[in-house]
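Asks:
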DNA sequence: TTGATAAATTATACCGTAACAATTATAATG
DNA sequence: CATTATAATTGTTACGGTATAATTTATCAA
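Residue numbers (my numbering), protein chains in the order written: chain P, -17 to 216; chain L, -17 to 216.
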């Protein structure tokens, strides 16, 4: 792991350990430099990372402050960590309905920029949160990148496996979102009624080299779907 | 304007002018250094900015590539630019229903971290996109920060006014999102029927110094609400 | 042709330094 | 006491340089 990432993690830990709240002040740059025995630019880079993550914000001439959104019980919509990481506070389980190798739909092929004759892993899951249905998820993985999957991996964290097991680096993702009405099939999986509202999210995940490897379509149970997004200005 | 921001803008312009597409390669760092006559670190900073904005992605050992999400007709959900900037492709108008100074609701006071006796500007608007209702918007502005508003400002871009007119710097925002059912009042404003689905978004905007100045509650017409979010890994 | 290995290309990490700009604290002024 | 000017604090920008790591290309051997 890179130095500035380690330091960022250490600072996050510091915030946790000292139970710092929204607006609380961190030690000044010079102190952090001395404490971690690195140059100013390294600390700066660490803080930049934490700023991107929405952990701190910096005010020139004033200091470095803790940033926290206030509401509890909301799911962090993105951050390419998969679900696991974000939802430590929740009780999450999932049920694998389908897992196989197949040819992609036209839509999936298009979003993964592969040919319709190429193989994909298809995974269909229902996720539960605190005993309620959270979402129905259909994912297509480019098999030439994600070369192997099994039921165990799929019911655990796929993203952890991709990173650690396959040694791949996840880069960025595009997320398309709209509200609609549940189809009969979706409603059945989610234990709701046809025609009720849904949040539909399609995501395309890319590796750091820009290659899309995962196209997922998720239908959320609107009753369980409270999301939070933290953003920064440019 | 800062140097690295100018260069970032110039690079964006370069991408436009050359009509570069997703995956196309930009000149290498050294070339960009020479072209703009700045040091490596400045170019790097510019590219970092463009990476945050989702304009490019960089691959070590390979090059700098254009990143574009593919789907058209989607509204970019965040990026604290207000609506105007994001929606140049759309025909947008808005109608101001209410504009006055008042005491905040308990909820608004809480989110703006002010006292219930402090003054706020309250703005209620309906926005239209291509002739259809897009959303109903209720905003509370901390009057001790946003000291003056009028109908003209409000029907143009408030955020532009905050930046240019008031000289304030917008920092970050927290965005809370859920799906629900339209109330009678909301339906009336949006020209829909009670009980139809809605996307409800609450946003708290902060200045760079961390002070919240705008708490907004937006109800989207689900038929017009297709959003895109671009994210990066950490 | 394949596969391995080396070399070239290219971005990233990290260090150090100097100047800069926004905020806050302090002192001076009326 | 309020206002203004000045100084101290503190993060930000920009420069330069060296070393490193990932990717692509070239080379060579089988």
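The beta carbon of each residue, even a glycine, is placed where N, CA and C say it ideally should be.
Thinking C-alpha only, which one of L:17, L:50 and L:21 is nearest residue 32 of chain L?
Replies: Stepping through the second chain from its first residue, residue 32 of chain L is reached at position 50. Answer by Cα proximity: L:50.
Asks: List the residues of chain P that residue 56 of chain L touches, going by C-beta distances under 9 angstroms, in chain order.
Replies: For the purposes of this step, residue 56 of chain L is identified with residue 74 of the second chain, where counting begins at 1. In chain order: 158, 159 and 160.
Asks: In chain order, what residues of the same chain have a beta carbon less than 6 angstroms from the beta carbon of residue -5 of chain P, not counting five sequence neighbours either side?
Replies: Residue numbering aside, residue -5 of chain P sits at position 13 when the first chain is read from its first letter. No residues qualify anywhere along the chain.
Asks: Apart from the five residues on each side of it in sequence, which residues of its chain come closer than 6 angstroms, Cβ to Cβ, to residue 163 of chain L?
Replies: Reading the second chain from its first residue, position 181 is the one you call residue 163 of chain L. 177.
Asks: Given the structure, does residue 118 of chain L come close to the ligand ADP, in the sense that its CB is under 7 angstroms from one of the ligand's heavy atoms?
Replies: This structure lacks the ligand ADP; in fact it carries no ligand of any kind.
Asks: Whole-angstrom Cβ separation of residue 155 of chain L and residue 187 of chain L, contact assumed at under 8 angstroms?
Replies: Taking the first residue of the second chain as position 1, residue 155 of chain L is located at position 173. Taking the first residue of the second chain as position 1, residue 187 of chain L is located at position 205. With 8 angstroms as the limit, residue 155 of chain L and residue 187 of chain L qualify as a contact, their Cβ atoms being about 5 angstroms apart.
Asks: Measuring straight from C-alpha to C-alpha, what distance separates residue 130 of chain L and residue 81 of chain L?
Replies: Locating residue 130 of chain L in the second chain gives position 148, counting from the first residue. Locating residue 81 of chain L in the second chain gives position 99, counting from the first residue. Each residue's Cα considered, the two are about 11 angstroms apart.
Asks: Mind checking if residue 181 of chain P is an interface residue toward chain L, Cβ cutoff 8 angstroms exclusive?
Replies: Translated into the one-based positions of the first chain, residue 181 of chain P becomes position 199. Yes - at least one Cβ of chain L is within 8 angstroms of the one on residue 181 of chain P.
Asks: Going residue by residue through the stretch 58 to 129 of chain L, where are the continuous alpha helix (DSSP H) segments of at least 4 residues, counting only ones entirely within it?
Replies: Entirely contained in the stretch 58 to 129 of chain L, the alpha helix (DSSP H) runs reaching 4 residues are, in chain order, 64 to 68 and 88 to 94.
Asks: Between residue 68 of chain P and residue 137 of chain L, what straight-line distance do the alpha-carbon atoms span, to the nearest angstrom?
Replies: Here residue 68 of chain P refers to the residue found at position 86 of the first chain. Here residue 137 of chain L refers to the residue found at position 155 of the second chain. Reliability fails at residue 68 of chain P, whose pLDDT of 49 lies under 50, so the model's placement of it is uncertain and no value is given.
Asks: Hey, how far is the Cα of residue 143 of chain L from the Cα of residue 148 of chain P?
Replies: Locating residue 143 of chain L in the second chain gives position 161, where the first residue counts as 1. Locating residue 148 of chain P in the first chain gives position 166, where the first residue counts as 1. Spanning the two alpha carbons is a distance of roughly 50 angstroms.
Asks: Beta-carbon of residue 83 of chain L versus every beta-carbon of chain P: anything under 8 angstroms?
Replies: Sequence index remark: in the second chain, residue 83 of chain L carries index 101 (1-based). For residue 83 of chain L, the answer is no, since every Cβ of chain P falls outside 8 angstroms of its Cβ.
Asks: Quick one: residues in its chain with C-beta nearer than 6 angstroms to the C-beta of residue 62 of chain P, no 5 flanking neighbours on either side, listed in chain order?
Replies: For the purposes of this step, residue 62 of chain P is taken as the residue at position 80 of the first chain. Legend: pLDDT at residue 62 of chain P = 49, less than 50; position of this residue unreliable, value from coordinates given subsequently. Cβ neighbours of residue 62 of chain P beyond the five flanking positions: 152 and 155.
Asks: Could you check the C-alpha separation between residue -13 of chain L and residue 29 of chain L for me, to the nearest Å?
Replies: Translated into the one-based positions of the second chain, residue -13 of chain L becomes position 5. Translated into the one-based positions of the second chain, residue 29 of chain L becomes position 47. For residue -13 of chain L and residue 29 of chain L, the distance between alpha carbons rounds to 10 angstroms.
Asks: On the CB-based measure, 16 or more other CB atoms within 10 Å of its CB, does residue 79 of chain P come out buried or exposed?
Replies: To locate residue 79 of chain P, count along the first chain from 1; it is residue 97. Residue 79 of chain P is exposed by the Cβ-count criterion.
Asks: Return the CA-CA distance between residue 160 of chain L and residue 211 of chain P, expressed in angstroms with no decimal places.
Replies: Position 178 of the second chain holds residue 160 of chain L. Position 229 of the first chain holds residue 211 of chain P. C-alpha separation (whole angstroms): 11 angstroms.
Asks: I need the straight-line Cα distance from residue 174 of chain P to residue 180 of chain P, nearest angstrom please.
Replies: Here the question's residue 174 of chain P lines up with position 192 in the first chain. Here the question's residue 180 of chain P lines up with position 198 in the first chain. Roughly 10 angstroms separates the two Cα atoms.
Asks: Determine contact between the stretch 190 to 198 of chain L and the stretch 90 to 104 of chain L, defined as no fewer than three beta-carbon pairs at a distance below 8 angstroms.
Replies: Short answer: they touch.
Asks: Helix, strand or coil for residue 43 of chain P? Go by DSSP, reduced to three states.
Replies: Along the first chain, one-based indexing puts residue 43 of chain P at 61. Residue 43 of chain P: coil per DSSP, three-state reduction.
Asks: Hey, does residue 217 of chain L have any beta-carbon neighbour from chain P nearer than 8 angstroms?
Replies: No information on residue 217 of chain L is available, as it lies outside the stretch -17 to 216 that chain L covers here.
Asks: Determine whether the Cβ of residue 204 of chain P lies closer than 8 angstroms to any Cβ atom of chain L.
Replies: Mapped onto the first chain, residue 204 of chain P falls at position 222. Yes, because at least one Cβ of chain L sits closer than 8 angstroms to the Cβ of residue 204 of chain P.
Asks: Counting only Cβ pairs nearer than 8 angstroms, list the residues of chain P close to residue 34 of chain L.
Replies: Position 52 of the second chain, counting from 1, holds the residue named residue 34 of chain L. Neighbours of residue 34 of chain L on chain P, chain order: 34, 214 and 216.
Asks: Which of helix, strand or coil does DSSP assign to residue 162 of chain P?
Replies: Mapped onto the first chain, residue 162 of chain P falls at position 180. Strand.
Asks: Quick one, which residues of the stretch 99 to 126 of chain L are near chain P if we go by CB-CB under 8 angstroms, in chain order?
Replies: Result list empty, no residue passes.
Asks: Is the separation between the beta-carbon of residue 3 of chain P and that of residue 37 of chain P shorter than 8 angstroms?
Replies: Translated into positions along the first chain, residue 3 of chain P becomes position 21. Translated into positions along the first chain, residue 37 of chain P becomes position 55. Not a contact, by the Cβ cut-off of 8 angstroms.
Asks: Taking its Cβ as the centre, do 16 or more other Cβ atoms sit within 10 Å of residue 109 of chain P, making it buried, or is it exposed?
Replies: Here residue 109 of chain P refers to the residue found at position 127 when the first chain is read from its first residue. It is buried - the Cβ of residue 109 of chain P has at least 16 other Cβ atoms within 10 Å.
Asks: If we cut at 8 angstroms on Cβ distances, does residue 11 of chain P have a partner in chain L?
Replies: Here residue 11 of chain P refers to the residue found at position 29 when the first chain is read from its first residue. For residue 11 of chain P, the answer is no, since every Cβ of chain L falls outside 8 angstroms of its Cβ.
Asks: Measure the C-alpha to C-alpha separation of residue 65 of chain P and residue 139 of chain P and round it to an integer number of angstroms.
Replies: Numbered from its first residue, the first chain carries residue 65 of chain P at position 83. Numbered from its first residue, the first chain carries residue 139 of chain P at position 157. For residue 65 of chain P, the predicted model reports a pLDDT of 48, less than 50, meaning its position is unreliable; a value from the coordinates is still stated below. If you take the alpha carbons of residue 65 of chain P and residue 139 of chain P, they lie about 8 angstroms apart.
Asks: Would you kindly report the start and end of the unbroken beta strand (DSSP E) that includes residue 189 of chain L?
Replies: For this step, residue 189 of chain L is matched to residue 207 along the second chain. Taken as a continuous stretch (DSSP letters only), the beta strand (DSSP E) holding residue 189 of chain L covers 179 to 189.
Asks: Residue 79 of chain L CB to nearest chain P CB: under 8 angstroms?
Replies: Here residue 79 of chain L refers to the residue found at position 97 when the second chain is read from its first residue. So, not an interface residue.
Asks: Please report the Cβ distance between residue 83 of chain P and residue 125 of chain P, rounded to the nearest whole angstrom; I am assuming they are in contact, meaning their Cβ atoms lie under 8 angstroms.
Replies: Looking up residue 83 of chain P in the first chain gives position 101. Looking up residue 125 of chain P in the first chain gives position 143. Correct: roughly 6 angstroms between the Cβ atoms.
Asks: In this structure, does DSSP put residue 208 of chain P in helix, strand or coil?
Replies: Position 226 of the first chain, counting from 1, holds the residue named residue 208 of chain P. The answer is strand: DSSP assigns residue 208 of chain P an E or B state.
Asks: Output the distance between the C-alpha atoms of residue 76 of chain L and residue 205 of chain P, rounded to the nearest integer angstrom.
Replies: In the second chain, the residue the question calls residue 76 of chain L occupies position 94. In the first chain, the residue the question calls residue 205 of chain P occupies position 223. Cα to Cα, residue 76 of chain L sits roughly 31 angstroms from residue 205 of chain P.
Asks: Rounded to whole angstroms, how far is the Cβ of residue 59 of chain L from the Cβ of residue 209 of chain L, which I believe are closer than 8 angstroms?
Replies: Along the second chain, one-based indexing puts residue 59 of chain L at 77. Along the second chain, one-based indexing puts residue 209 of chain L at 227. Contact flag correct, Cβ pair sits at about 4 angstroms.
Asks: Does residue 155 of chain P come out as helix, strand or coil in the three-state DSSP assignment?
Replies: On the first chain, residue 155 of chain P is found 173 positions in, with the first residue counted as 1. Strand.
Asks: Give a yes or no on whether the C-beta atoms belonging to residue 214 of chain P and residue 172 of chain P are separated by under 8 angstroms.
Replies: Here residue 214 of chain P corresponds to residue number 232 of the first chain, with the count starting at 1. Here residue 172 of chain P corresponds to residue number 190 of the first chain, with the count starting at 1. No, they are not a contact pair.
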